[in-house]
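Working notes, structure below.
Protein chains: 2
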Amino acid sequence: MPSSGNSYKVRLLLALLDQPVQTIDVEYGSDTLTQAKAETRLPFGKAPVLELDDGTLLPESNAILVWLGQGTRFVPKDALQQAQMLSWMFWEQNQHEGVIAVRAALLNYPHRKAQATPERLAELLTSGNGLLQIMDDHLRMRDWLVGDDASLADLCLYAYTHTAEARGGFDLAPFPALRDWLDRVAALPGYVAL
Amino acid sequence: MPSSGNSYKVRLLLALLDQPVQTIDVEYGSDTLTQAKAETRLPFGKAPVLELDDGTLLPESNAILVWLGQGTRFVPKDALQQAQMLSWMFWEQNQHEGVIAVRAALLNYPHRKAQATPERLAELLTSGNGLLQIMDDHLRMRDWLVGDDASLADLCLYAYTHTAEARGGFDLAPFPALRDWLDRVAALPGYVAL
Chain B
1 MPSSGNSYKV RLLLALLDQP VQTIDVEYGS DTLTQAKAET RLPFGKAPVL
51 ELDDGTLLPE SNAILVWLGQ GTRFVPKDAL QQAQMLSWMF WEQNQHEGVI
101 AVRAALLNYP HRKAQATPER LAELLTSGNG LLQIMDDHLR MRDWLVGDDA
151 SLADLCLYAY THTAEARGGF DLAPFPALRD WLDRVAALPG YVAL
Chain A
1001 MPSSGNSYKV RLLLALLDQP VQTIDVEYGS DTLTQAKAET RLPFGKAPVL
1051 ELDDGTLLPE SNAILVWLGQ GTRFVPKDAL QQAQMLSWMF WEQNQHEGVI
1101 AVRAALLNYP HRKAQATPER LAELLTSGNG LLQIMDDHLR MRDWLVGDDA
1151 SLADLCLYAY THTAEARGGF DLAPFPALRD WLDRVAALPG YVAL
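Chains B and A supply the protein sequences, listed in that same order. The first sequence lines up with residues 1 to 194 when you count with our numbering. The second sequence lines up with residues 1001 to 1194 when you count with our numbering.
Structure, rendered in structure tokens:
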């Protein structure tokens, strides 16, 4: 789904790993989305889904990242750092995405407009600033979310954070450590934009 | 947090592994919760958090499950099955918990009552039934969510599913495969109730 941060995460990791993939776009309202649903190729009804060569379908963006990232520089060798990476990735799906990405969706997708009430947008702005603050606080003393190098935690949280201003209407000025971190991700060799 | 399914998941895994742990209860409104927040011992502001012997704090229930479960019977040996286990765990945090657990929270926690409007409860009932249907469909042909044995995917999804009727107001009668699976989890040696 070209407009989706969850899909972009996977494209970004594949680009950083210089690994080719065949993609089928399933944007909202497209025939390909209707067809993918009819063929039950979206096990949880959502994109992205990774289809392996043997036909196995793997849903959930962050599970796809772990599958594709295993044994690469983006998964720490240390078991505790792996668990810390997963903490950020679960937090991203449980807290960050449900606020930062949802505010962007309400503001940008025509089919979500009805839910974009001033009260809901204000509530999401306040919660979202709290979440961005958690990231900024954590990044004040370190370059990457976990350990000394970029990991899947950074890639997964970059997806919806780097569009928080343009799409979500958040102001990142109060979060300088977060902004520097966004620049570091964008400088990774092989980086592709959304 | 004794009332929380996310905390219960961790207690359940530790009981199944017969692994002792010292717990500090941080129920809503308790002094221990206020104190834990003041001492910044809840990195993302939520329970549960696992504190290791060296003081490292690991938040996010499903990341704690992965950390404690590594090398045990609850993590499949096969890398693809591990990724499939994570798919269910990310789905649990991104979809299932935000609907099934949230409906239970609105109905049971006094501080959430104001959000428990009839419209919101009806909307969560419809979405929740869709999510329970995905699980029931998947479990019709198999005993466990991934592979041939119980995994962290089953434990994490059991937590809020087994209280969906009593706390969330869902009717599980239309989901026979799901109900059989709940019985299988409850029959695991060492099982403890919430």
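Backbone N, C-alpha and C fix where the C-beta goes; we use that ideal spot for every residue, glycine too. Remember, predicted model here, so these are calculated numbers, not experimental data.
N- and C-terminal bounds of the beta strand (DSSP E) containing valine 26/B: Taking the first residue of the first sequence as position 1, residue 26/B is located at position 26. No beta strand (DSSP E) holds valine 26/B; DSSP gives it neither H nor E.
Cα-Cα separation, arginine 1073/A to glutamate 1039/A: Taking the first residue of the second sequence as 1, we reach residue 1073/A at position 73. Taking the first residue of the second sequence as 1, we reach residue 1039/A at position 39. If you take the alpha carbons of arginine 1073/A and glutamate 1039/A, they lie about 35 Å apart.
Any beta carbon from chain B within less than 9 Å of alanine 1164/A's own beta carbon? Here residue 1164/A refers to the residue found at position 164 of the second sequence. Not closer than 9 Å to any Cβ of chain B, the Cβ of alanine 1164/A fails to qualify, so no.
Which of the three DSSP states is assigned to leucine 1017/A in this structure? As a working mapping, residue 1017/A is identified with position 17 in the second sequence. Coil.
On the criterion of 16 or more Cβ atoms from any shown chain inside 10 Å, does proline 1048/A qualify as buried, or is it exposed? Along the second sequence, one-based indexing puts residue 1048/A at 48. Buried: at least 16 other Cβ atoms inside 10 Å.
Name the residues in the region 32 to 45 of chain B whose C-beta lies less than 9 Å from a C-beta of chain A; which are they? Pro43, Phe44, Gly45
Distance check for alanine 1063/A and leucine 1012/A, CA to CA, integer angstroms please. Residue mapping note: residue 1012/A aligns to position 12 of the second sequence, counting from 1. Residue mapping note: residue 1063/A aligns to position 63 of the second sequence, counting from 1. So the two alpha carbons sit approximately 15 Å from each other.
Report the three-state DSSP secondary structure of leucine 1194/A (helix, strand or coil). Here residue 1194/A is taken as the residue at index 194 of the second sequence, counted from 1. In the structure shown, leucine 1194/A sits in coil (DSSP, three-state: anything other than H, G, I, E or B).
Hey, how far is the Cα of alanine 101/B from the Cα of threonine 163/B? Taking the first sequence and counting its residues from 1, the one referred to as residue 101/B is at position 101. Taking the first sequence and counting its residues from 1, the one referred to as residue 163/B is at position 163. Taking the straight line joining both Cα atoms gives about 9 Å.
Name the two residues that bound the continuous beta strand (DSSP E) containing leucine 50/B. Taking the first residue of the first sequence as 1, we reach residue 50/B at position 50. Element bounds for leucine 50/B: 49 to 51.
Where the beta strand (DSSP E) containing proline 59/B begins and where it ends: Within the first sequence, numbered from 1, the residue matching residue 59/B stands at position 59. Unbroken beta strand (DSSP E) run through proline 59/B: 57 to 59.
Using the Cα positions of leucine 172/B and leucine 65/B, report the straight-line distance between them to the nearest angstrom. The count along the first sequence starts at 1 and reaches residue 172/B at position 172. The count along the first sequence starts at 1 and reaches residue 65/B at position 65. Looking at the two C-alpha atoms, the distance is approximately 26 Å.
Is the distance from the Cβ of valine 185/B to the Cβ of aspartate 136/B below 9 Å? Position 185 of the first sequence, counting from 1, holds the residue named residue 185/B. Position 136 of the first sequence, counting from 1, holds the residue named residue 136/B. Not a contact, by the Cβ cut-off of 9 Å.
Just checking my contact of asparagine 1108/A with asparagine 94/B at CB under 8 Å: how many whole Å lie between their CB atoms? The count along the second sequence starts at 1 and reaches residue 1108/A at position 108. The count along the first sequence starts at 1 and reaches residue 94/B at position 94. Actually they are not in contact, since the Cβ atoms of asparagine 1108/A and asparagine 94/B sit about 20 Å apart, beyond 8 Å.
Check whether valine 146/B and proline 189/B have beta carbons under 9 Å apart: For the purposes of this step, residue 146/B is identified with residue 146 of the first sequence, where counting begins at 1. For the purposes of this step, residue 189/B is identified with residue 189 of the first sequence, where counting begins at 1. No, the pair does not count as a contact, with Cβ atoms beyond the cut-off.
Run the CB neighbour count on threonine 161/B, radius 10 Å, all protein chains shown included, and call it buried at 16 or more, exposed below. Within the first sequence, the letter at position 161 stands for residue 161/B. Looking at its Cβ environment, which holds 16 or more other Cβ atoms inside 10 Å, threonine 161/B is buried.
Leucine 1033/A versus Pro1002/A, Leu1052/A, Pro1020/A, residue with shortest Cα-Cα distance: Position 33 of the second sequence, counted from the start, is the residue given in the question as residue 1033/A. Checking every option, the nearest Cα to that of leucine 1033/A belongs to Pro1002/A.
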